[in-house]
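For the sequence shown, position 46 matches number 46 in our numbering, and the numbering has no gaps at all.
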Amino acid sequence: MRLDHYLFAAHYTTSRNRAKALICDGKVRVSGRIVSKPAFVIDEADAPPIEILEEVIYVSRAGMKLKRFLQKHPLQIAGKRALDIGSSTGGFLQVLLEEGAAQVTGVDVGSDQLHPSLRKDPRVQSVEQTDIRDFTASVPFEVVTCDVSFMGISHILPDIDRLASRDILLLFKPQFEVGRA
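Now the structure itself:
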């Protein structure tokens, strides 16, 4: 059986996609060796020792994207007020908290999407069913992150600028930014 399928079937991960991501990221050790190929074959009848290397579990893939960016391009977030536009389940928001943000406001047009672990954090303010173009703040935010779907960032750039006093991190999604060919 393929290693990624085995990890899911044996309940090491919550999905085959998650298993594949862990393997490709070098986070799976089989018989003491890091395996980086999801198609690595495991004999499920005589399965060798498998170890998932320590990692932080993010509430969404967006969290890992922001974390990897910050590892390569460090940004001072500790102690700052942050705004997460398009917070959804809270992947970016989670990383902002992990990086020491004093307070994070998550704004999203949806409702009841923010992960419960983040919703109960006293540093988090969730503003739901709110378009960022209609959102106001008495003081600009020192850090602004943005991960929006189904609309181009260009439509909200004036609002991002209005709400930010300093650092802005935007997740660019070509499928929502480029017109039809």
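Where a beta carbon is used, it is the ideal one built from N, C-alpha and C, also for glycine.
Helix, strand or coil at residue i [DSSP, three-state]
{"i": "Asp84", "result": "strand"}
{"i": "Ile52", "result": "strand"}
{"i": "Ile77", "result": "coil"}
{"i": "Val41", "result": "strand"}
{"i": "Val95", "result": "helix"}
{"i": "Ile153", "result": "helix"}
{"i": "Ile57", "result": "coil"}
{"i": "Ala101", "result": "coil"}
Rounded straight-line distance, which links the Cα of residue j to that of residue i
{"i": "Gln78", "j": "Leu169", "result": "Rather than Gln, the amino acid found at residue 78 in this sequence is Ala. Near 15 Å, if we compare the C-alpha coordinates of Leu169 and Ala78."}
{"i": "Val104", "j": "Ser138", "result": "15 Å"}
{"i": "Ala45", "j": "Lys27", "result": "23 Å"}
{"i": "Glu142", "j": "Leu96", "result": "12 Å"}
{"i": "Leu70", "j": "Ile160", "result": "20 Å"}
{"i": "Arg119", "j": "Ile50", "result": "34 Å"}
{"i": "Val144", "j": "Gly106", "result": "10 Å"}
{"i": "Tyr58", "j": "Gln113", "result": "14 Å"}
{"i": "Ser48", "j": "Arg33", "result": "For the sequence presented, residue 48 should be read as Pro rather than Ser. Those two C-alpha atoms are separated by around 11 Å."}
{"i": "Asn17", "j": "Tyr6", "result": "12 Å"}
{"i": "Ile156", "j": "Cys146", "result": "10 Å"}
{"i": "Phe135", "j": "Ser149", "result": "17 Å"}
{"i": "His11", "j": "Asp167", "result": "40 Å"}
{"i": "Ile153", "j": "Arg162", "result": "14 Å"}
{"i": "Val30", "j": "Phe8", "result": "15 Å"}
{"i": "Val35", "j": "Val41", "result": "10 Å"}
Among the options, nearest to residue i - alpha-carbon criterion
{"i": "Arg2", "options": "Pro38, Leu66, Ala21", "result": "Pro38"}
{"i": "Cys24", "options": "Leu53, Ala82, Leu114", "result": "Leu53"}
{"i": "Ser111", "options": "Asp4, Pro140, Pro158, Gln129", "result": "Gln129"}
{"i": "Gln76", "options": "Ile153, Tyr58, Ala101", "result": "Ala101"}
{"i": "Lys80", "options": "Arg123, Ile156, Asp134", "result": "Arg123"}
{"i": "Ala164", "options": "Ile132, Val41, Leu22, Thr14", "result": "Ile132"}
{"i": "Ala82", "options": "Val109, Pro140, Ser117, Val30", "result": "Pro140"}
{"i": "Asp84", "options": "Phe8, His11, Gln125", "result": "Gln125"}
{"i": "Ser117", "options": "Gly152, Val30, Glu98", "result": "Glu98"}
{"i": "Gly218", "options": "Val41, Val30, Arg162, Leu93", "result": "Past the edges of the chain, shown from 1 to 181, lies residue 218, and the structure says nothing about it."}
{"i": "Met151", "options": "Asp108, Ser36, Val30", "result": "Asp108"}
Integer-rounded CB distance, given that residue j should sit under 8 Å from residue i
{"i": "Lys67", "j": "Leu171", "result": "Not really, about 13 Å apart at Cβ, beyond 8 Å."}
{"i": "Ser60", "j": "Gly91", "result": "3 Å"}
{"i": "Lys20", "j": "Asp4", "result": "4 Å"}
{"i": "Arg89", "j": "His115", "result": "Residue 89 is actually Thr in this sequence, not Arg. About 5 Å separates the two Cβ atoms, so the contact holds."}
{"i": "Thr13", "j": "Leu22", "result": "7 Å"}
Residues sharing a beta bridge with residue i, DSSP
{"i": "Ser126", "result": "Gly106"}
{"i": "Ala164", "result": "Phe141"}
{"i": "Cys146", "result": "Ile85, Leu170"}
{"i": "Val28", "result": "Ile52"}
{"i": "Ile132", "result": "Note: Ile132 sits in no beta bridge, so no partner."}
{"i": "Arg2", "result": "Val41"}
{"i": "Arg33", "result": "Val30"}
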